[in-house]
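Numbering (this note's numbering), first residue to last: -19 to 764.
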């Protein structure tokens, strides 16, 4: 007896209904013999969910298709909805007709939507009830990054009785806030000492018994799942034992090596043996291994015997229930902006360098002067939006949020302490949100001059000259000045990029850590159990960073303070078929398959990509959430109305990249039909042969799991693709009808471009028969 299926179509306002003919879509769904088809303006709303529940109960529906936005957005919402109605939560299927249909420019969006919904109907008819597993979470959290956001998160967790590992890649806590000198107060309309606010927090972290600080350390590998992660960390040697060091400073006095001091924005020198700044935590000295020449002078000078120049990096694994990424940002290096003279003229600085010059603990003890010539400026011109709001390569296309306020802060401080110095700010738009507007007005009263216009060039003709066009009527201007200060964009720190890759979380096109949903879930990443805060997620000020840090800490505390549900994404073994040959044990790189007399798969270790399925000689392994029957049914649903190009995309990377292509309204061939999989590793030759014989023009394989620490091994994926092509060739099918592309999440444009390329190779945007392009052309396309 056929299952009773209900279809529910969301308008998503005009996001879907404005492009897709909902009435035509409903008729097509009814033609598949479903029990009901309903549409509603917002199916995810309380009323929309009530509609689904009432139809499940009233019509005794057994399976549900929700045609709406991406499953990455609301799949969990609809699972909970059907669960509340008494249906197993895995008996619902999401037909993605927004990101991968309505938002993709196409000549027939409705036709694509019909195929997507039909494929979901066919697939969900083969769904089986599944249950989540419940495991106890490790009540420990790792915070990666020891700046203001990371320390705030660590303290918030420690105060709730949760043990915290706080990793920091530099020798001390503090982050970027150490360098800024002053923070502005919109309430007091003045500037306050940054270190006076930061040092007590650093001290509190150091004294808290529930916080283990690991400096010179970074996370380099991850296994496990939310609630039970195993993180591999690597710690560089400090060469000085923190417990033995008395902070006497004799090592630094004896050290003959001098290098640029990064804590003073490279405007001064420090020794290879050094303490970053007086308030550093830990308070012990450290040795810069890259600068040290190994002369041994420091060893002779250290009466405490704390120095070991032969110390080596060490690795260890830590088990935690959740992870918070707080790796911060760095100031964009404007050296490539040749027209602005940075690096050529000593009087051209960045705002961070100016902050260090104005700081009483900076290289000039708070005196404003050229760091090379020592001359005090008579005029300072600040240039806004350097590398921000700029579509050129190497720039950030949007506003960096804090640059205007930083310029106002420094301009205000200069006018208060050096009133004879003229200050100009050349801006695109001054942005002072909320109560910061009061501070902006106060700075204007102090005589700071504002010129609306982008600076075109900084050159030297005796003094420095800033060429700018005043767009408010002043016309082209050439301002002679002694000092130019560039307000540069905020970009991800190297630690942010490294942590994101090591921990397997998604990144934005600018390589900040991607939030799962910036509005509804702003501290969560694309990986469950891993959270983000501060400028690791994008530009923001200190206040906003602290707020997000507390939000991330709250979410992490929720996770580790209660048992964690694990979705049934793991493979299972049919022991009636299994002969115990051990092929899966030898194959699995994650140790998920093991034997204790009977070959078994550990649900917590299995990452569910399906690589073992085709390797099992007895066909005893399966993924219940993506069975052969379900996959064949989805293929049938996509091909009912004629030839199509089927795109099999892994659910975590490639499918999300396709979503991002839709979000950015990127077009790809209208013949493309996407089928979501855990990974292309589970595909068998039979799947591809079936699809091609059923009328598929070509098969596009997109997989990005190789770029995830828990993903497939790159060599294994390449090998699997070649095996699939050889199997097709044995069946007399041209292997050029299969195209593989390794997908990178930030490079969604590349995915769309490769789909276009494959369709062109097939001929006529995928409307022709098998390709007649030469093999060399196909190979070149694959190598791009």
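Glycine included, C-beta positions come from ideal geometry on N, C-alpha and C.
8 Å Cβ cutoff met for residue i and residue j
| i | j | result |
| --- | --- | --- |
| residue 234 | residue 254 | no |
| residue 259 | residue 175 | yes |
| residue 544 | residue 8 | no |
| residue 676 | residue 597 | no |
| residue 663 | residue 628 | yes |
| residue 360 | residue 466 | no |
| residue 646 | residue 729 | yes |
| residue 168 | residue 393 | no |
| residue 269 | residue 219 | yes |
| residue 575 | residue 468 | no |
| residue 487 | residue 479 | no |
| residue 618 | residue 149 | no |
| residue -4 | residue 82 | yes |
| residue 435 | residue 423 | no |
| residue 138 | residue 188 | yes |
| residue 680 | residue 625 | yes |
| residue 197 | residue 214 | yes |
| residue 207 | residue -7 | no |
| residue 529 | residue 132 | yes |
| residue 417 | residue 443 | no |
| residue 766 | residue 155 | The structure shown has nothing for residue 766, since the chain only spans -19 to 764. |
| residue 320 | residue 366 | yes |
Continuous alpha helix (DSSP H) stretch holding residue i: start and end
| i | result |
| --- | --- |
| residue 102 | 89 to 104 |
| residue 390 | 383 to 397 |
| residue 61 | 51 to 64 |
| residue 278 | 277 to 281 |
| residue 336 | 331 to 338 |
| residue 571 | Taken as a continuous stretch (DSSP letters only), residue 571 belongs to no alpha helix (DSSP H), as it is neither H nor E. |
| residue 115 | First-last for residue 115: 113 to 115, but that is the beta strand (DSSP E), not the alpha helix (DSSP H). |
| residue 667 | 665 to 673 |
| residue 418 | 416 to 425 |
Residue i, enclosing beta strand (DSSP E) - first and last residue
| i | result |
| --- | --- |
| residue 468 | 463 to 468 |
| residue 297 | 294 to 300 |
| residue 143 | 143 to 148 |
| residue 678 | 678 to 683 |
| residue 20 | 16 to 20 |
| residue 42 | No beta strand (DSSP E) contains residue 42, which DSSP labels as neither H nor E. |
| residue 165 | 162 to 165 |
| residue 201 | 197 to 205 |
| residue 364 | 359 to 366 |
Residue i versus the options, residue with shortest Cα-Cα distance
| i | options | result |
| --- | --- | --- |
| residue 106 | 496, 720, 613 | 613 |
| residue 201 | 81, 295, 258 | 295 |
| residue 185 | 666, 25, -7, 125 | 125 |
| residue 21 | 15, 2, 37 | 2 |
| residue 60 | 87, 29, 80 | 29 |
| residue 108 | 73, 97, 138 | 73 |
| residue 425 | 170, 492, 132, 135 | 170 |
| residue 561 | 532, 582, 592, 533 | 592 |
| residue 102 | 370, 385, 13 | 13 |
| residue 464 | 362, 229, 119, 410 | 362 |
Close beta carbons around residue i, own chain, < 6 Å, minus the five adjacent residues each side
| i | result |
| --- | --- |
| residue 130 | 123, 306 |
| residue 297 | 210, 212 |
| residue 48 | -10, 23 |
| residue 603 | 551, 590 |
Same chain, Cβ closer than 8 Å to residue i, neighbours up to 5 away in sequence not counted
| i | result |
| --- | --- |
| residue 382 | 470, 519, 520, 521 |
| residue 709 | 715 |
| residue 724 | 633, 637, 684, 687, 730 |
| residue 820 | Not covered by the structure: residue 820. The range shown for the chain is -19 to 764. |
| residue -14 | 14, 15, 16, 17, 18, 32, 35, 36, 39, 41, 43, 44, 45 |
| residue 276 | 289 |
Close Cβ partners of residue i (< 7 Å) along its chain, the five nearest in sequence each way excluded
| i | result |
| --- | --- |
| residue -2 | none |
| residue 244 | 336, 342, 343 |
| residue 112 | 545, 546, 547, 548 |
| residue 558 | 579, 598, 600 |
| residue 251 | 232, 235, 237, 238 |
Rounded Cβ spacing between residue i and residue j (contact assumed at less than 8 Å)
| i | j | result |
| --- | --- | --- |
| residue 271 | residue 300 | About 33 Å separates the two Cβ atoms, so there is no contact after all. |
| residue 350 | residue 315 | Going by Cβ atoms, the distance from residue 350 to residue 315 rounds to 18 Å, so no, they are not a contact pair. |
| residue 146 | residue 191 | 6 Å |
| residue 438 | residue 446 | 5 Å |
| residue 477 | residue 491 | 5 Å |
Residue i beta carbon near the ligand ATP (any heavy atom closer than 7 Å)
| i | result |
| --- | --- |
| residue 363 | Ligands are entirely absent from the displayed structure, and the ligand ATP is therefore not among its contents. |
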